[in-house]
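Per the UniProt record's numbering, residue 1 is the first one in the sequence shown, and the count goes up by one each step.
Even for Gly, the Cβ is constructed at its ideal location relative to N, Cα and C.
Structure, as structure tokens:
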Amino acid sequence: MAKKAKSRIISVRLISMAMTGFFYTFARPRTSRPMSMLKYDPVGTSTWVDTLSIVKSASPPTRVVRDAPRLLVSSSNPNSSPPGVPTWSGM
Numbered sequence: 001m002a003k004k005a006k007s008r009i010i011s012v013r014l015i016s017m018a019m020t021g022f023f024y025t026f027a028r029p030r031t032s033r034p035m036s037m038l039k040y041d042p043v044g045t046s047t048w049v050d051t052l053s054i055v056k057s058a059s060p061p062t063r064v065v066r067d068a069p070r071l072l073v074s075s076s077n078p079n080s081s082p083p084g085v086p087t088w089s090g091m
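Here it is, written out as structure tokens:
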């Protein structure tokens, strides 16, 4: 018996890298390259929502594509921000 044909369009979920649980869901062609976007995250204070995962119906995501991580680091110059306040590097 032959296997079922794969759909041409797949559902994808853009997950927040701030780990707030916020996501965007949309469809894209299966043959296109995996995408990454900068979108607004209303739960957090940042605009980083750029992790892509493929959504399967009634199951957790099976594939996650991530960009280079953006790390929080402390500022080395105490005059630029108060001590202990993290700043984004790699922007």
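A residue is called buried when at least 16 other Cβ atoms come within 10 angstroms of its Cβ; ILE9 does not meet this threshold and is exposed. Annotated as distal: ALA27 and SER16, with beta-carbon spacing of 9 Å or more. The residues ARG30, in chain order, have a CB closer than 8 Å to that of LYS6 in the same chain once the five nearest residues on each side in sequence are set aside.
For TYR24, the pairing in a beta bridge is given by DSSP as LEU14.
Taking all protein chains shown into account, LEU14 has 16 or more neighbouring C-beta atoms within 10 Å of its C-beta and is therefore buried.
Look at PRO29 here: in three-state DSSP terms it is strand. Between the alpha carbons of MET1 and LYS39 lies a distance of about 44 Å.
Straight through space, the alpha carbons of SER32 and LYS4 are spaced by roughly 21 Å.
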